[in-house]
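Protein chains in written order, with the working numbering: chain H, 3 to 113; chain G, 2 to 133. Positions of the beta carbon are idealized from the N, C-alpha and C atoms, including for glycine. First the structure, in the form of structure tokens, and then the observations on it.
Printed below as a string of structure tokens:
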């Protein structure tokens with residue numbers, strides 16, 4: 003790893019603190035949202051508070067999950083493949099952020 | 002080691018010689034649920050992409066959600082999030098330098114398993130309209 007241990011440690015904890023209340027909200031909402039039909043689900047995401055909280059959950063969650071999986075990768079992979087996995091891990095997190103942000107933006111303002 | 006050569010230095014005790022404890026189980030489960038949530042968030046991204054940009058993708062994802070597999074995926078995701086959330090709070094408490102006494106750590110580990118399971122039952126029951 004590059005010399006970023008302290009800032010990564012802090013980002014992991016800061017994101018955890020933000021994700022705790024977001025996760026409680028998420029647990030209250032998610033089953034009915036996921037099982038809703040197309041129109042109901044679109045209206046749910048497009049509601050301003052849901053859009054804001056769901057977007058925050060995706061973005062902060064992506065940062066948190068990237069750090070967590072990177073920790074597991076460096077624990078178990080010691081060959082050249084480590085850097086490949088760490089790179090894919092970054093791509094997955096950035097892809098998740100881009101996909102969620104674009105989708106929620108579209109549902110909020112162009113839906 | 003970093004250069005790939007076999008090390009002659011002694012290794013720390015490995016998986017098979019640890020005595021099984023609930024604190025050990027909670028530690029492994031924290032990692033396991035973290036990986037499940039990683040996969041779950043990626044699947045949820047497909048749901049929201051389909052919802053916003055691709056009705057055919059949404060129809061496919063929705064069909065899976067309403068199948069028995071979908072129920073298992075949702076229940077697994079909810080339990081994983083409940084566990085990771087509660088055990089994460091346990092980790093944050095540890096970060097304050099407290100909660101490490103053997104009795105305390107054992108008790109909070111059991112508490113996290115029980116509370117996560119109860120929360121999952123409640124979320125699933127309420128989420129499916131109190132009928133499932």
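Hey, residue 30/G and residue 107/G: beta-carbon distance below 9 Å or not? no
Hey, out of 87/H, 81/H, 6/H, 32/H, whose CA is closest to residue 55/H's CA? Ranking 87/H, 81/H, 6/H, 32/H by Cα distance to residue 55/H puts 32/H first.
Which residue spans inside the segment 21-71 of chain H form an unbroken alpha helix (DSSP H) run of at least 4? Secondary structure within the segment 21-71 of chain H: the alpha helix (DSSP H) runs of 4 or more consecutive residues, fully enclosed, are 40-48 (chain order).
State yes or no: is the C-beta of residue 41/H nearer than 8 Å to some heavy atom of the ligand ATP? This structure does not include the ligand ATP; it has no bound ligands of any sort.
Counting pairs of beta carbons, one from the segment 20-40 of chain H and one from the segment 72-89 of chain H, are three or more of them closer than 8 Å? no
Give the secondary structure of residue 31/G by DSSP, where H, G and I count as helix, E and B as strand, and everything else as coil. Residue 31/G falls in the helix class under three-state DSSP.
Excluding sequence positions up to five away, which residues of its chain have a Cβ less than 7 Å from the Cβ of residue 35/G? 85
Exposure label - residue 111/H; buried when at least 16 CB within 10 Å: exposed
Decide yes or no for the touch test of the segment 71-81 of chain G against the segment 36-48 of chain G: beta carbon pairs closer than 8 Å, at least 3 of them. Here the segment 71-81 of chain G makes contact with the segment 36-48 of chain G; the two share three or more CB pairs at distances below 8 Å.
Check whether the Cβ atoms of residue 109/H and residue 53/G lie closer than 9 Å to each other. yes
Give a yes or no on whether the minimum CB-CB distance between residue 11/G and chain H is below 9 Å. no
Could you pull the start and end residues of the alpha helix (DSSP H) that residue 140/G belongs to? The structure shown does not extend to residue 140/G, since chain G is modelled only from 2 to 133, so the question has no answer here.
Taking 8 Å as the threshold, find out whether the segment 84-103 of chain H comes into contact with the segment 44-51 of chain H through three or more Cβ pairs. no
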